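Structure first, then comments.
There are 2 protein chains.
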Amino acid sequence: MSRPDYRARIARLNPALNAFVDLTNEPSRDGLAWAAKSNIAVSGLPLTAGCEAYRERIAVSDAPVIERIRNSGGSVLGTVNMHEGALGATTDNEAYGRTLNPWSADLTPGGSSGGSGAAVAAGVCDVALGTDTMGSVRIPAAYCGVQGHKPTTGLVPDEGVVPLSTTLDHVGPLARDVATLWRAMHVLADWGEVVPLEPAQFDGLRIGVWDGAGAVDLTPAVEQGFTRIISELKALGAKTATFQPPIYDYSRSRRAGLLISEVEGAKEHHVTATGPRPDGLSDTFYSLLHWGARQSDEKVQAAYDHITDVKDAASAVWDTFDFIIAPTAPQEAFAFTEDVPANQADFTAWADFARLPATAIYSGLSQDGRPLSVQVIGPEGEDRETLRVAVALESVFGRPSLPPGFDW
Amino acid sequence: MSRPDYRARIARLNPALNAFVDLTNEPSRDGLAWAAKSNIAVSGLPLTAGCEAYRERIAVSDAPVIERIRNSGGSVLGTVNMHEGALGATTDNEAYGRTLNPWSADLTPGGSSGGSGAAVAAGVCDVALGTDTMGSVRIPAAYCGVQGHKPTTGLVPDEGVVPLSTTLDHVGPLARDVATLWRAMHVLADWGEVVPLEPAQFDGLRIGVWDGAGAVDLTPAVEQGFTRIISELKALGAKTATFQPPIYDYSRSRRAGLLISEVEGAKEHHVTATGPRPDGLSDTFYSLLHWGARQSDEKVQAAYDHITDVKDAASAVWDTFDFIIAPTAPQEAFAFTEDVPANQADFTAWADFARLPATAIYSGLSQDGRPLSVQVIGPEGEDRETLRVAVALESVFGRPSLPPGFDW
């Protein structure tokens, strides 16, 4: 295969895009060309986690996922921008700048893995690593119009990754097609030799349709695209029925996930209820962590208990359904100047709480040219089967093209 | 698989669409549900070839392709409208009415197999038979946003089909996805048991890029879509180079193909230079055939010689290229009120002259919602490999959705 000259593309496109923040100088190799979110240790590069506080912290060794990449014959082009501390979904970073959405410079690429989504969408790497806590791989995949896989929690090693929430975080890949996600998962999860990716057959498959049922406001474009795929799945023989995750409650669950992130993030970043404020954290990030540090043990325990209840209840879902299909986000990418929608992660956080594999798939462009996305969620440990459904969905929607101005 | 209830959809959608002109009452069966262009003999149904002249001509037996459909377990829902006598590309038929393009009621579905394209696009059958003389399968496939395969000439039996041009005509299928074209070709060409359709790998494939090089005016949307796929093929490792069919000359070749069609059509429809005008042919159709009947033997022979030269020269193409990629038509579907573009068949007729397999593939919608299409053309007899390239292209672009208002 004649590989794109990614170094040349980075030199040409990254100054405006601001996806990469630090570059290696390693030669390109025969395997995939990767980008790592800047909370993942790449030996010799700053390990910032998007915080000014760690600008000078240089990783002295590779995270195990980076070792696996090198062992597979892949190369690491560099690290990409992220929302500060992985807590937020715009990747408008005070310290490292704003990463643009390649589809339109006024739109956020999403987050927290916004640099990963933008780099893949712009075609400046084959695959980018993100981390997902409540949707941080899939939301930028959706907003940037690429494919993203959040693995079963625990399947991919998370050592050498600066955590936001040790309970919820985990590493996952973003790429422009599911075949590349498949190759990437073989590397990250150490699946051995890459076997062919056979698309799932929808005939007879029991699909739970999670549309939010009035509790989550979908934009008209998201609703229309989602309705289309459900009717196509029916036509292809899938047995569809309405689905709602058990126990999971949008606003209560969201607050529980955020509280756990803030409490665990406070520990990581040395923020305490009464101690001095550490240097190099933005006011917004600090105040979120500080709020977490001030909450009562009872309240925090209730959040953990809720997440555990959601996880425990999820196993019964698979008695009724083989897979769940949902919008990835309730809206398309929004402008940096707009308020951040509170419901961004309402369709993504369930899979994090329940430790389930979930793949976000590009599902076309809205009339105004913003990417749309659906996700497939599978049973715990069934990452391969989930990706087989994903590639079947991809062949319905087609693979994303490069955005205008980013042609090869 | 839960099959669409095509009879119910036809009852609901066909009165406005006017794709089907006659219906069988046979029960649905386990195989594919087919529609036949109305120049193909379906026992018991009128065999009109789109002419008023043959309104009362009832087929007394099935054409061999229809026999093959029945032997495969398929059902024939009925016959669909076409441009009169298969000579023209709007399917605005004086005798049987205007077939609408499901994407917009003011747009032609193309022709001459316009009813076939409209029926497939609207989801009122699985697969429709068309006939291709200079592009009559692929142009309506392109305008209606579906997939269409023009087989290697001679591969599919053409007995029981009312000819326009016995030299150039042949039968081919249209469907909403390449997997269905693949199944359909197994039936039509008697390929035996359906084997899995493995997508072609573009890595290392030698692709000739036929863009008309200034000789054919592409609309901006067609040009943009075509440029996209070529750059994606390069990124996937294809070795691309500019291609121009040898001997083939757009205006001269077009006139040769039309002359042969008019001369042979005149014989079929009993139009002679000096004899009486047969009843039941429109003024336009009659005058075209009459013009053909009046041309000198030398002029007609020169047209045949030119077509033969084009065919003979084509075999050398495959020393340099594995496949050719071209736009299917130079423009999107046009309005019934617009002038018919003279260059409609400039990218399609070469494969007819050279007897080559060619598959038209949906390549997305223009900004104003009209389907776009590219075609892959392969060596004579390499229909399977051509369809393997087609399904790989399909996975890049995605399968067409049903047009607004035609949901399942």
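Residue numbers (this note's numbering), protein chains in the order written: chain A, 1 to 408; chain B, 409 to 816. For glycine and all other residues, C-beta sits at the position ideal for the given N, C-alpha and C. All figures in this text were calculated on a predicted structure; none of them were measured in a lab.
For A235(A), the neighbours in chain B by C-beta distance under 7 Å run, in chain order, P412, W816. Interface with chain B (8 Å Cβ-Cβ cutoff): E394(A) is included. When C-beta atoms of the stretch 463-470 of chain B are compared with those of the stretch 551-567 of chain B, fewer than three pairs fall below 8 Å, so the two segments do not count as touching. In the same chain as G665(B), and ignoring 5 residues on each side of it, the C-beta atoms closer than 6 Å to its own belong to M542, A757, in chain order. With respect to chain A, the C-beta atom of S809(B) has a partner C-beta closer than 8 Å.
No residue range can be given for V602(B), since it is assigned to no alpha helix (DSSP H) and is classified by DSSP as neither H nor E.
DSSP places L641(B) outside any beta strand (DSSP E); the residue lies instead in the alpha helix (DSSP H), whose first and last residues are 628-643.
Within chain B, no residue has its beta carbon less than 8 Å from that of S282(A); the closest one is some 38 Å off. Using a C-beta cut-off of 8 Å, the stretch 716-734 of chain B makes no contact with the stretch 688-705 of chain B, since fewer than three inter-stretch Cβ pairs fall below that distance. Judged by their CB atoms, I139(A) and Q344(A) are nearer to each other than the 8 Å cut-off.
Secondary structure in the stretch 33-88 of chain A: the alpha helix (DSSP H) runs of 4 residues or longer, each lying completely within the stretch, are 64-71 in chain order. According to the DSSP assignment, P548(B) belongs to the alpha helix (DSSP H) that extends over 546-552.
Residue environment for Q147(A): buried (at least 16 other C-beta atoms within 10 angstroms of its C-beta).
By the C-beta density criterion, Q375(A) is buried, having at least 16 other C-beta atoms within 10 angstroms. Counting along the chain, the unbroken alpha helix (DSSP H) around V389(A) starts and ends at 383-397. In the DSSP annotation of this structure, the continuous segment of the beta strand (DSSP E) that includes L365(A) starts and ends at 358-365.
Residue-level contact by beta carbon holds for R228(A) and chain B, with a gap shorter than 8 Å. Taking a Cβ-Cβ cut-off of 7 Å, the neighbours of F805(B) in chain A comprise G398, given in sequence order. Under the 8 Å criterion on CB atoms, S781(B) is classed as non-interfacial with respect to chain A. Within the stretch 664-698 of chain B, not one residue has a Cβ closer than 8 Å to any Cβ of chain A. For I207(A), the enclosing beta strand (DSSP E) covers residues 206-209. Take the alpha-carbon of P517(B) and the one of L689(B): they are about 22 Å apart. Residues of the stretch 112-123 of chain A with a Cβ closer than 9 Å to any Cβ of chain B, in chain order: G123. Excluding residues up to 5 positions away in sequence, Y6, R9, I10, L13, N14, L17, A19, F20, A35, L77 lie with their Cβ nearer than 8 Å to the Cβ of V124(A) in the same chain. Closest option to T682(B), judged by alpha-carbon separation, among Q703(B), I668(B), T692(B): Q703(B). Remark: fewer than three beta-carbon pairs, one from each stretch, lie closer than 8 Å, so the stretch 362-376 of chain A and the stretch 237-252 of chain A are not flagged as touching.
For L667(B), the enclosing alpha helix (DSSP H) stretches over residues 658-676. Under the Cβ distance rule, S231(A) counts among the residues neighbouring chain B, one pair being separated by less than 8 Å. By alpha-carbon distance to S480(B), the top candidate from I448(B), G522(B), A592(B) is A592(B).
In the three-state DSSP reduction, Q652(B) falls in the coil class, being neither helix nor strand. Rounded to whole angstroms, the Cβ separation of G553(B) and P765(B) is 21 Å, and the two are not in contact under 8 Å.
DSSP places G700(B) inside the alpha helix (DSSP H), whose first and last residues are 691-702. Taking every protein chain shown into account, the CB of P604(B) has fewer than 16 other CB atoms within 10 angstroms, so this residue is exposed. The residues D500, in chain order, have a CB closer than 6 Å to that of R506(B) in the same chain once the five nearest residues on each side in sequence are set aside.
Excluding the 5 residues flanking it on each side, E790(B) has same chain C-beta neighbours closer than 8 Å at T560, P765, in chain order. With respect to the 8 Å criterion, L440(B) and D534(B) are classified as neighbours on the basis of their beta carbons.
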